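Here is the structure we will look at, set down as structure tokens.
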Amino acid sequence: KAPSTDTKPAVVVNVPTSEPPANDKLSPPDAANQKEMLALLQDVFEDDYAAATTPDKQRELARTLYKNAGEDQDPATKFMLLAEAERFALEALDWTFADQVIDELGSIYEVDAATRKIEALRGVARQAKSKDDRRQVARIALDLATEAEDADQINAADSLLEIASTAAARSADTDLRKEVAKRRTVV
């Protein structure tokens, strides 16, 4: 008897993966887990943490932590690597890199990136010592306020303009103070 030429359709089995779908965000680890992960990071990167006493070394550590976050698959560890990268970028007053890290956190985890940016920039504004640093904070806050206005996030825009106003006043830049004051009347 000749073999049957009937072909049966292949059976397709969808095996669930441990990774969530691309559009789902992960919950950040709870406080106890974050504390545990922080202790682990401080142990693993002990020498780097000890050396991070200058803006250059803080920036270097921020980038090292960020690079390691890209390689780590454990969600809790990745979260803490990114959070620490953000913290050290901010301590180094490297807003551009901190902003990138916050965006990364917001793309992976259920965190309010906009609020996190406002709080981060508020911290940077407090740390800014020179008039140039304060002027830069004011400009960043103005740019972020524009983005918030465009997204109809008026409360966020108002908070950012408040940061811009304080930074501009502390920068002693009269033109910048006037620009911020004019923007505040619009929002």
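In the working numbering, the protein residues as written are 15 to 201. The C-beta atom is built at its ideal place from N, Cα and C for all residues, glycine as well. Remember, predicted model here, so these are calculated numbers, not experimental data.
- Residue pairing by DSSP places residue 40 opposite 123 in a beta bridge.
- Closest option to residue 157, judged by alpha-carbon separation, among 141, 176, 69: 176.
- As summarised for the segment 147-173, there are no continuous beta strand (DSSP E) elements at least 3 residues long confined to that stretch.
- Straight through space, the alpha carbons of residue 188 and residue 114 are spaced by roughly 30 Å.
- Just so you know, the alpha carbons of residue 65 and residue 77 end up roughly 14 Å apart.
- Close CB contacts of residue 128 within its chain, under the 6 Å cut and outside five residues either way in sequence, are with 170 (chain order).
- Around the beta-carbon of residue 185, 16 or more other beta-carbon atoms lie within 10 Å, marking it buried.
- In this structure, DSSP gives residue 187 a state outside helix and strand, which the three-state scheme calls coil.
- When DSSP states are grouped into helix, strand and coil, residue 143 belongs to the coil group.
- Assigned with DSSP and collapsed to three states, residue 108 falls in coil, not helix or strand.
- Here the alpha carbon of residue 108 sits roughly 29 Å from the alpha carbon of residue 38.
- When secondary structure is reduced to three states using DSSP, residue 66 falls in the coil class, being assigned neither helix nor strand.
- One thing to note: residue 179 has its Cβ within 8 Å of the Cβ of residue 198.
- For residue 58, the enclosing alpha helix (DSSP H) has its first and last residue at 45-58.
- Contact holds between the segment 54-74 and the segment 90-109, because three or more Cβ pairs, one in each stretch, are under 8 Å apart.
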